[in-house]
């Protein structure tokens, strides 16, 4: 693919958006997503060009939370063996839903102190 101008920074780019195939650097998309965090839910990030919802966002995995042994211990007590991770500056987990027939990704907070309250909330719906 030849280079075209990125829809965010206007420099030459080879990567494209999934929705409208417009040129867009992955780093520019990450900045766009990060800049939208305070105004919209992460799951509602829209393409900077066509405004369609963007489903395939780049993910920055952060494993530094695992160094906090107390947090990990409390997390295992509260969340069990369910999948849990920190990505793009937020904590996330996977929860089985509808008697185990499907799973949902749960936003558990931006900070550690938010995680346990949201875990309690999600688990109360089961």
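In full-length UniProt numbering, the protein residues as written are 1 to 126. Glycine included, C-beta positions come from ideal geometry on N, C-alpha and C. Fair warning: this is a prediction, and the values are worked out from it, not measured in the lab.
(request) Within its chain, find whatever has a CB closer than 7 angstroms to the CB of residue 110; leave out the 5 residues flanking it on each side and keep chain order. (result) 89 and 90
(request) Could you say if the region 105-125 and the region 68-87 meet the contact criterion of at least three C-beta pairs nearer than 8 angstroms? (result) yes
(message) Tell me the rounded alpha-carbon separation between residue 66 and residue 125.
(response) 27 angstroms
(request) Identify the continuous alpha helix (DSSP H) that holds residue 61 and give its terminal residues. (result) Where residue 61 is concerned, there is no enclosing alpha helix (DSSP H), because DSSP gives it neither an H nor an E.
(request) For residue 93, I'd like the list of residues in its chain whose CB is within less than 7 angstroms of its CB, leaving aside the five on either flank, ordered along the chain. (result) 79, 82, 83, 84, 106 and 108
(message) Only counting the same chain, and skipping five residues up and downstream in sequence, which positions put a Cβ closer than 6 angstroms to that of residue 52?
(response) 19
(request) Within its chain, find whatever has a CB closer than 7 angstroms to the CB of residue 48; leave out the 5 residues flanking it on each side and keep chain order. (result) 7, 8 and 32
(request) Could you pull the start and end residues of the alpha helix (DSSP H) that residue 51 belongs to? (result) That residue, residue 51, is in no alpha helix (DSSP H); it is neither H nor E in DSSP.
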